[in-house]
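Notes follow the structure.
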Amino acid sequence: MPGAMQHHGCSVLLTYRPTCVVSLVLFVCMLLGLLVFPAVLYAQVGANEEPAVPNELLVGLKGGVPHERRQAMHAAVGARLVDEFPQINVHLLRIPAGARRAMIRALSEHPDVKFVEPNSLARGGYLPNDPSYPS
């Protein structure tokens, strides 16, 4: 048979199928895109930082801190109270641009503070298993 080559008793056809080659190339590109996309998404954030609302911190306070002392703490670090969650004793603070690390450090050292963390963004991963969900 012309265009065929004998290989250990088998005949191997030396023709190329352009559709197979194109399909393979597209598959490889798609696979690489899936592997690279999460890296591109998080490349905008620092190496060990999660995506967060810019210039916002969540501050958990110890119980029994008087209102005046909380206001003085916010003013001392140059933060502004945006919202308060009294049920869990957490404040949402707006901070100056570019001051996140310094603010976290300063607020963490305050004796009335339990924790300080960026106002992280979260993305839901799954739809609920609830037949009434779409309605």
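Per UniProt numbering, the very first residue in the sequence shown carries number 1; after that it's consecutive.
Note that CB positions come from ideal geometry on N, CA and C, so glycine has one too.
In this text, all values refer to a predicted model and were calculated from it rather than measured experimentally.
Could you tell me how far apart the beta carbons of residue i and residue j are, in whole angstroms, since I believe they sit closer than 8 Å?
| i | j | result |
| --- | --- | --- |
| V113 | L58 | With 8 Å as the limit, V113 and L58 do not qualify as a contact, their Cβ atoms being about 11 Å apart. |
| residue 143 | N119 | There is simply no residue 143 to check, as the chain begins at 1 and stops at 135 in what is shown. |
| L93 | R101 | That pair is no contact at about 14 Å. |
| N55 | I95 | 5 Å |
Near residue i, what residues of its chain come up, given a Cβ to Cβ distance below 6 Å and the 5 sequence neighbours on each side ignored?
| i | result |
| --- | --- |
| V90 | L58, G60 |
| A106 | V77 |
| V65 | D112 |
| F115 | G60 |
| L24 | none |
Under a three-way DSSP split, which group does residue i fall into?
| i | result |
| --- | --- |
| H74 | helix |
| residue 144 | Residue 144 lies beyond the stretch modelled for the chain, which goes from 1 to 135, so this question has no answer here. |
| S23 | helix |
| A97 | coil |
| residue 201 | The displayed coordinates of the chain run from 1 to 135. Any statement about residue 201 would go beyond what the structure contains. |
| P131 | coil |
| A102 | helix |
Looking at chain D, is there any beta carbon in it that lies within less than 8 Å of the beta carbon of residue i?
| i | result |
| --- | --- |
| N119 | The structure shown contains no chain D; it holds only a single protein chain. |
Quick one: residues in its chain with C-beta nearer than 7 Å to the C-beta of residue i, no 5 flanking neighbours on either side, listed in chain order?
| i | result |
| --- | --- |
| E68 | none |
| G124 | none |
| M103 | L57, V77, A79, I95 |
Which one or two residues does DSSP pair with residue i in a beta bridge?
| i | result |
| --- | --- |
| G60 | V90, F115 |
| A52 | S120 |
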